[in-house]
Amino acid sequence: MSIPTPSSPTASALALREFFGDRKPPEISRKITACVACRKLKIKCHMQDSRPPCTRCKRRDLTCTVNHSLQMLLENDVTWKRSIEQKLQLMEEQIANISNATATNHAPASTGPEATPTAPSTSSATLYELHSGAHGETHSNSDTDAGADNAARHQPGWEVVMDARLNPAAMPASCVSQVPDTSPSGQLSESGRQNDLISRGAIALDMAEQFFEVYKKLDHYVYGILADHDTLSSIRAGSSLLTAAVCAVAALHSSSPGYAASYDEFVREFAAQSISRNHTLDDVRGLCIGAFWLSDMSWTLAATSARIAIEMNLHRGVSKAKHTCFDKPMADRISCYVRTRLYLIVYVCDHHFSIAYGRAPMTREFTALIAPRAFHGMEHANTPDDFRLVAQVELWSVLSRVYDTFGVNTDMAIPAHQMSEFRRLGVALESWRIDAYDKLPADADTKSIDVGLHAYFAKLYLCTHAFRGVTRTSAVPQDMEEFADAAVYTGHSLLRSLVVNPDLQMHFQGLPTYFATMVAASFVFLLKMTIKRPANVRFNRDETCALLRQASDVLIAISRSMHSQHVLYSIAVSIAKLVNGVPCTNTNPPSSATGMDSIEVATQDPTLNASNPLISDDMSWLQDGDFGIDWFEFDQALHNT
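In structure tokens:
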């Protein structure tokens, strides 16, 4: 676009002059055409098409600028703005035409032609009109009408309703409900669910079928969350978010080159659903599946699934399940069971990524969840996965009591007046372990995971409270000695079960992120105890070092065939790096000597932060690659040992 000169003023330039009270062009006695460098040397400035750079500046690779007069700068600026306004006006007209065509195509046949939406008008924006307010009035009128029309079309309304079936004790805000969005855009959002990563060409259909077959082997670990979805076509019809989640998780566990595309599509679907007003049960399922395995998004996905589940009133089904569902028709009873079951899965998912990280769960405790076995009273809640799910809800209810009672301040020791509650919680965890082992199906693999591992995780979380307020120079309080010893014993038992149980090793490849997180916590706890520990805690350093190396070898072997983006892969590499730097007196060769050819392990010695308390039940240090460890301080601690 050529820059107009004052000798041939445009309408905008004339408006500028008129605003200042004189349409006559100013007499510019000296028109500046030479660049700054040539003017400084007082030489002829040659420019092609009167545009910089000039010949001299171009040849010498200099910055070529021309300092125009103030009048020329103002007029050029106004001309440029006018050109942009015209382009914007043209674009608005085109958008309005497209909107009209879309609304006409999707309007019901019985209705008459809709009024054409008013496009935001852009009048001639002269400085005089802006100054006098005439343009402001014109723009306000047209845009107000268009804004009101658009708001009426696309913004959901609210209405006050009175449901005669509800008694006066109903929730206060239940009388205000949102009017469903019947606009074309709202209708398109529903039909747009068929627009998934397969139809968009991100992955091929045959690859998606392979991913679905891989995921079906993992669904058992999350209590059969897919429910009745037994084909890829079924989940595609249910939710594009669920489809993307299944493909991304399956690709993560199959070392497939399609993981990047599937993951990107899942993030895209999640971003769209996060601000959507239309959600389904399958969308919640997709969020939970992503949270259980996609570690970099776990907390965000779990929190979003909890929020959407509450928006859909799934939590109310938990309290109503045993009271109001028995006398309903069969379809309603099945729906009540499905909704209640899904909320229990959301509850477990939320607790996986909150309590262990020192965060308060979004799904809080209430009476119906304190006795979750009432869920078994529903006629359809009799599958093995249902029993496993209820056992998990019971366990996390106990751990929620631990979190609510003792908080997250790891620098303050447990007060003496809370010791009785601390012991009661320990008894509650042991009672849960015994009951769960008796009631769960007689499957050795299931019990080793759902009872064995979870019992170790829970006991380690509780017993490490004994080290709260303990520093390198202080001892564990006498009342807490048995719990400190129990924490060490639990950490040993957890890693030993991983070393000696090949079946558990096989299952570990598909377990959700929480399991890898707690195994890493056990490693770091025992490593810290190896470096510095209170004198009154029973601890065999050589035995611990040997166990840590063996368990590290097992994790390396498990992760060798896994995708490099899997959290267990990164944890295995980091743990090997940490374990190899611990000075031990045993003669066992380091684990890095064998079985490490496929994974490169850093040679730098690991460092444990010896200045911090020996153990913290806040697992936020797991969010970085070094598990919250200060390399320099640990190196100093090694030399002082």
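Following the UniProt record's numbering, the numbering of the sequence shown begins with 1 at its first residue and continues without gaps.
Even glycine gets a Cβ: it sits at the ideal position worked out from N, Cα and C.
Residue i - DSSP class collapsed to helix/strand/coil
| i | result |
| --- | --- |
| A208 | helix |
| P502 | helix |
| V160 | strand |
| M562 | coil |
| M362 | coil |
| C412 | Sequence check: residue 412 is Met here, not Cys. Coil, per DSSP. |
| T5 | Any answer about T5 is weak, because its pLDDT of 44 lies below 50 and its placement is not dependable; what the coordinates show is given next. In this structure, T5 counts as coil in the three-state DSSP scheme. |
| C336 | helix |
| C57 | helix |
| M297 | helix |
| S99 | helix |
| M47 | strand |
| G407 | coil |
| Q509 | coil |
| L197 | coil |
| residue 648 | An answer regarding residue 648 cannot be provided, because it is not within the stretch 1 to 641 covered by the chain. |
| R433 | helix |
| L395 | helix |
| V488 | helix |
| N536 | coil |
| N278 | coil |
| G469 | coil |
| L62 | coil |
| N67 | coil |
Straight-line gap, residue i to residue j (C-alpha atoms, nearest Å)
| i | j | result |
| --- | --- | --- |
| V582 | A487 | 20 Å |
| L527 | S199 | 50 Å |
| V470 | D479 | 13 Å |
| F387 | A260 | 36 Å |
| K44 | T55 | 10 Å |
| Y337 | Y343 | 10 Å |
| Y514 | A291 | 10 Å |
| G238 | D282 | 6 Å |
| K459 | S448 | 15 Å |
| L429 | V393 | 13 Å |
| F212 | A331 | 28 Å |
| residue 667 | V267 | Past the edges of the chain, shown from 1 to 641, lies residue 667, and the structure says nothing about it. |
| V226 | N100 | Here residue 226 is Leu; the residue named in the question, Val, does not match the sequence. Taking the straight line joining both Cα atoms gives about 40 Å. |
| H279 | F457 | 34 Å |
| R193 | F422 | Residue placement at R193 cannot be trusted, given a pLDDT of 46 that sits under 50; what the coordinates show is reported in the next sentence. Near 49 Å, if we compare the C-alpha coordinates of F422 and R193. |
| C64 | Q273 | 51 Å |
| V249 | A413 | 41 Å |
| A251 | R82 | 52 Å |
| L578 | D61 | 55 Å |
| A572 | V519 | 10 Å |
| G426 | H417 | 16 Å |
| K87 | I275 | 31 Å |
| A96 | L90 | 10 Å |
| A455 | G201 | 44 Å |
| S570 | N580 | 16 Å |
| Q94 | W80 | 22 Å |
| I531 | R472 | 10 Å |
| T340 | T517 | 28 Å |
| D503 | A535 | 37 Å |
| Y437 | H492 | 21 Å |
Proximity below 8 Å, CB of residue i to CB of residue j
| i | j | result |
| --- | --- | --- |
| H253 | G510 | yes |
| I558 | L548 | no |
| residue 645 | P52 | A query on residue 645 cannot be resolved here, the shown segment of the chain reaching from 1 to 641 and no further. |
| L346 | T363 | Correcting the residue identity first, residue 346 is Val in this sequence and not Leu. Yes, these two residues count as a Cβ contact at 8 Å. |
| S305 | C247 | no |
| S240 | S561 | no |
| A551 | V500 | no |
| I308 | V284 | yes |
| V537 | V451 | no |
| A245 | L197 | no |
| L232 | A204 | no |
| L462 | V402 | yes |
| T464 | F508 | no |
| I289 | V222 | yes |
| P361 | S335 | no |
Residue-level contact to chain B via CB, residue i, 8 Å cutoff
| i | result |
| --- | --- |
| W293 | The question asks about chain B, but that chain is absent: this structure has only one protein chain. |
Practice item. Give, in chain order, every unbroken run of the alpha helix (DSSP H) that is at least 4 residues long and sits entirely within the region 202 to 268. Key: 205 to 216, 232 to 238 and 240 to 252
Exercise for review: Report yes or no: do three or more beta-carbon pairs, one from the region 381 to 397 and one from the region 533 to 548, lie closer than 8 Å?
Suggested key: no
Check your understanding: Between the region 298 to 307 and the region 351 to 362, are three or more C-beta pairs nearer than 8 Å?
Key -> yes
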